[in-house]
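Asker: Positions in the sequence shown are counted from 1; adding 70 to them yields this note's numbering. Every residue, glycine too, gets a C-beta built ideally from N, C-alpha and C. As the structure is a computational prediction, the values presented were derived from the model and not from experiment.
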Amino acid sequence: MKVIITGGGTGGHVFPAVAIGKEFIRRGVDILFVGSKDGFEAKIVERLGWKMRYLKTAKWRGVGLFSKLKCILYTSLGILNGIKIIRSYDASLVVGVGGYVSVPILVAAVVLRRPIVLLEQNLIPGVVNVLFAKFARFVCASFPSTKNYLRWARIIYTGNPVREEILNVEPNLPPLTEKFVVLIFGGSQGARSLNRAVFSSLKRLRHKRENIKFIHQIGFSMDVETVKDIYSKEGFEAEVYNFIEDMASVYRQSHLVICRAGATSIAEIMATGRPAVLVPYPFAAGDHQTKNAEFVASIKGAIVVCDEDLSGEKIAEVILNLMNNIKDLELMNEALKRAAKRDAANVIVNECMNIITLKEQARVQKI
């Protein structure tokens, strides 16, 4: 049995792909990942030692004729390469995890009549999934209300799969015997406005500096030593990283998470039961991060702060309120644990295996 997983660009597409890929491999399925050398997948998937193929692609962006012609050319060549890849690999199934790089392989799968399954990580589906949902056997949704945006497709509410190491984090909050640990990150690409607000909050939190520890992923636009100095001057203990490779270890320590509202961040928060302050990225396509955040707030698992309302004063206020009302923090933890779909990868692969099995049976009958 052979499966192609295609997509990428950001951690939001790649980490769910890794989760289901590992589950496929555990069941003896051969995996080929098709993505872009410029995407996040080139960094993460290659380390796993999986078979990989790269396509040269371009986003449909800009208003210039040259940019559009470039996109058409790369996509056309990508489709031809995609047909070759699917035929030579003899894939039984193609799984699209989102991102424009998946378009050529998905088109090729439609042309070759290979079954397609799509993963939609956000509440509001992305353009690629909107285009290909009618060709898919089903779309795996991370949020129950995604079905309202893809009424013409078969939707299965599976939840968003997270990495195995995240699932190994105990979903109960760590004991509050020492410091209150606040984990801050802006997704795989950082978040400048979020960083600034946190730095501004430190003066308002100084009276609690002996009781708070920060773990901060700042992204690659800032210098780690400079940020360490900011925390040190205000008297706070802090771990500072450009990018955190081992997210499981920092979730394990944390009592509160402050982050953007990307789909993977939300899935990991729910899987680990970590209460959150969600600050949706205001320029996300279709404002999908706001919808993601509103869902978590609706189940009482997070507090949502709009980017335009983000300030040091607001961050300090939320941290102090939760430190002083631990019962509220525990209620948020319980709400997240109830809503989490911790078996998402298993459910998705089960559904995919049903398709593969039927396809293999049909092939045997023809012989």
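Short of 6 Å in beta carbon distance, which residues of its chain neighbour Asp100, apart from the five on each side in sequence? Order them along the chain.
Answerer: Along the sequence shown, read from residue 1 onward, the residue named residue 100 stands at position 30. Correct list, in chain order: Lys72.
Asker: Go to His286, then tell me how far its beta strand (DSSP E) extends in each direction, as first and last residue.
Answerer: Sequence index remark: in the sequence shown, residue 286 carries index 216 (1-based). Where His286 is concerned, the enclosing beta strand (DSSP E) stretches over Ile282 to Gln287.
Asker: Whole angstroms are fine: how far does the CA of Ala179 sit from the CA of Gly152?
Answerer: Here residue 152 is taken as the residue at index 82 of the sequence shown, counted from 1. Here residue 179 is taken as the residue at index 109 of the sequence shown, counted from 1. Taking the straight line joining both Cα atoms gives about 8 Å.
Asker: Gln191 and Gly79: beta carbons closer than 7 Å?
Answerer: Here residue 191 refers to the residue found at position 121 when the sequence shown is read from its first residue. Here residue 79 refers to the residue found at position 9 when the sequence shown is read from its first residue. Not in contact: Gln191 and Gly79 (Cβ atoms no closer than 7 Å).
Asker: Answer yes or no: do Ile373 and Val347 have a C-beta to C-beta separation smaller than 7 Å?
Answerer: Mapped onto the sequence shown, residue 373 falls at position 303. Mapped onto the sequence shown, residue 347 falls at position 277. The Cβ atoms of Ile373 and Val347 sit closer than 7 Å to each other.
Asker: First and last residue of the beta strand (DSSP E) that includes Gly166?
Answerer: Walking along the sequence shown from the start, residue 166 turns up at place 96. Element bounds for Gly166: Leu163 to Gly166.
Asker: Can you name the residues that DSSP bridges to Val252?
Answerer: Counting from 1 along the sequence shown, the entry for residue 252 is found at position 182. Answer by DSSP bridge pairing, in chain order: Phe284 and Leu326.
Asker: So, are the CB atoms of Thr228 and Ala414 less than 7 Å apart?
Answerer: In the sequence shown, counting from the first residue as 1, residue 228 sits at position 158. In the sequence shown, counting from the first residue as 1, residue 414 sits at position 344. Result yes, Cβ atoms of Thr228 and Ala414 sit closer than 7 Å.
Asker: According to DSSP, is Leu125 part of a helix, a strand, or is it coil?
Answerer: As a working mapping, residue 125 is identified with position 55 in the sequence shown. Secondary structure of Leu125 (DSSP, three-state): coil.
Asker: Assuming Gly76 is part of the beta strand (DSSP E), what are its boundary residues?
Answerer: The residue you call residue 76 lines up with position 6 of the sequence shown. Inspection of the sequence shows that residue 76 is occupied by Thr rather than by Gly. Taken as a continuous stretch (DSSP letters only), the beta strand (DSSP E) holding Thr76 covers Lys72 to Thr76.
Asker: Grouping DSSP H, G and I as helix and E and B as strand, with all else coil, what is Asp160?
Answerer: In the sequence shown, residue 160 corresponds to position 90, counting from 1. Coil, per DSSP.
Asker: Taking 7 Å as the cut-off, decide whether the C-beta atoms of Val239 and Ala318 are in contact.
Answerer: If you number the sequence shown from 1, residue 239 lands on position 169. If you number the sequence shown from 1, residue 318 lands on position 248. Yes; because the gap between Cβ atoms is below 7 Å, this pair is in contact.
Asker: In terms of residues, what are the limits of the alpha helix (DSSP H) holding Phe208?
Answerer: Taking the sequence shown and counting its residues from 1, one reaches residue 208 at position 138. From DSSP, Phe208 is part of no alpha helix (DSSP H) but of the beta strand (DSSP E) over Phe208 to Ala211.
Asker: By Cβ distance, which residues of its chain are closer than 6 Å to Ile225, with the 5 residues on each side in sequence left out?
Answerer: As a working mapping, residue 225 is identified with position 155 in the sequence shown. Closer than 6 Å at Cβ, skipping near neighbours: Val209, Ala211 and Lys217.
Asker: Using the Cα positions of Ser172 and Arg97, report the straight-line distance between them to the nearest angstrom.
Answerer: Counting from 1 along the sequence shown, the entry for residue 172 is found at position 102. Counting from 1 along the sequence shown, the entry for residue 97 is found at position 27. One C-alpha to the other measures close to 24 Å.
Asker: For the structure I just gave you, are there three or more beta carbon pairs, one from the region 130-149 and one from the region 389-400, closer than 8 Å?
Answerer: no
Asker: Starting from Phe301, follow the alpha helix (DSSP H) in both directions and report where the run begins and ends.
Answerer: For the purposes of this step, residue 301 is identified with residue 231 of the sequence shown, where counting begins at 1. At residue 301 the sequence reads Tyr, which differs from the Phe that was named. Looking at the DSSP string, the run of the alpha helix (DSSP H) that includes Tyr301 is Val294 to Lys303.
Asker: Would you report the Cα separation of Ile194 and Met340, rounded to the nearest angstrom?
Answerer: Here residue 194 corresponds to residue number 124 of the sequence shown, with the count starting at 1. Here residue 340 corresponds to residue number 270 of the sequence shown, with the count starting at 1. A straight-line Cα-Cα distance of about 18 Å links Ile194 and Met340.
Asker: Taking the continuous alpha helix (DSSP H) assigned at Gly105, which residues delimit it?
Answerer: Position 35 of the sequence shown, counted from the first residue, corresponds to residue 105. Gly105 -> not in any alpha helix (DSSP H); beta strand (DSSP E) instead, spanning Asp100 to Gly105.
Asker: For Ile186, write down the residues that DSSP places opposite it in a beta bridge.
Answerer: Taking the first residue of the sequence shown as position 1, residue 186 is located at position 116. DSSP output for Ile186 lists Val164 as bridge partner(s).
Asker: Whose C-alpha, out of Ile155, Ala161 and Tyr124, is nearest the C-alpha of Tyr170?
Answerer: Taking the sequence shown and counting its residues from 1, the one referred to as residue 170 is at position 100. That would be Tyr124, whose Cα lies nearest to the Cα of Tyr170.
Asker: Give the range of the alpha helix (DSSP H) segment to which Gly404 is assigned.
Answerer: Within the sequence shown, the letter at position 334 stands for residue 404. The sequence given here places Glu at residue 404; Gly does not occur at that position. Start and end: Ile396 to Ala409.
Asker: Taking all protein chains shown into account, decide if Glu116 is buried (16 or more other Cβ within 10 angstroms of its Cβ) or exposed.
Answerer: For the purposes of this step, residue 116 is taken as residue 46 along the sequence shown, with counting starting at 1. Counting the other CB atoms within 10 Å of its CB gives Glu116 a total below 16, which places it among the exposed residues.
Asker: Straight-line CA distance for Met292 to Ile300?
Answerer: Position 222 of the sequence shown, counting from 1, holds the residue named residue 292. Position 230 of the sequence shown, counting from 1, holds the residue named residue 300. Computed Cα separation, rounded: 12 Å.
Asker: Return the CA-CA distance between Arg322 and Asp160, expressed in angstroms with no decimal places.
Answerer: For this step, residue 322 is matched to residue 252 along the sequence shown. For this step, residue 160 is matched to residue 90 along the sequence shown. Roughly 41 Å separates the two Cα atoms.
Asker: For Ala355 and Gly166, which I take to be in contact (beta-carbon distance under 8 Å), what is that distance rounded to the nearest angstrom?
Answerer: Translated into positions along the sequence shown, residue 355 becomes position 285. Translated into positions along the sequence shown, residue 166 becomes position 96. Not really, about 17 Å apart at Cβ, beyond 8 Å.
Asker: Check each candidate in Arg408, Glu338, Ala267 and Leu182 and name the one with the smallest Cα separation from Leu237.
Answerer: As a working mapping, residue 237 is identified with position 167 in the sequence shown. Out of Arg408, Glu338, Ala267 and Leu182, Glu338 has the C-alpha closest to the C-alpha of Leu237.
Asker: Take Ser162 and list the residues in its own chain whose beta-carbon comes closer than 6 Å to its own, dropping the five residues that flank it on each side.
Answerer: As a working note, residue 162 is residue 92 in the sequence shown. Correct list, in chain order: Met71, Lys72, Ile426 and Lys429.
Asker: Looking at Asp377: is its Cβ nearer than 7 Å to the Cβ of Val349?
Answerer: Position 307 of the sequence shown, counted from the first residue, corresponds to residue 377. Position 279 of the sequence shown, counted from the first residue, corresponds to residue 349. Contact: yes.
Asker: When burial is assigned at 16 or more other CB atoms within 10 Å of the CB, is Thr296 buried or exposed?
Answerer: On the sequence shown, residue 296 is found 226 positions in, with the first residue counted as 1. With fewer than 16 other Cβ atoms within 10 Å, it is exposed.
Asker: Note down, in chain order, each residue of its chain lying with its Cβ closer than 6 Å to the Cβ of Ile328, except the 5 sequence neighbours on either side.
Answerer: Position 258 of the sequence shown, counting from 1, holds the residue named residue 328. Within the same chain, Ile328 has close Cβ partners Ile254 and Val347.
Asker: Along the chain, where does the alpha helix (DSSP H) containing Ile236 start, and where does it finish?
Answerer: Taking the first residue of the sequence shown as position 1, residue 236 is located at position 166. Its alpha helix (DSSP H) spans residues Glu234 to Leu237.
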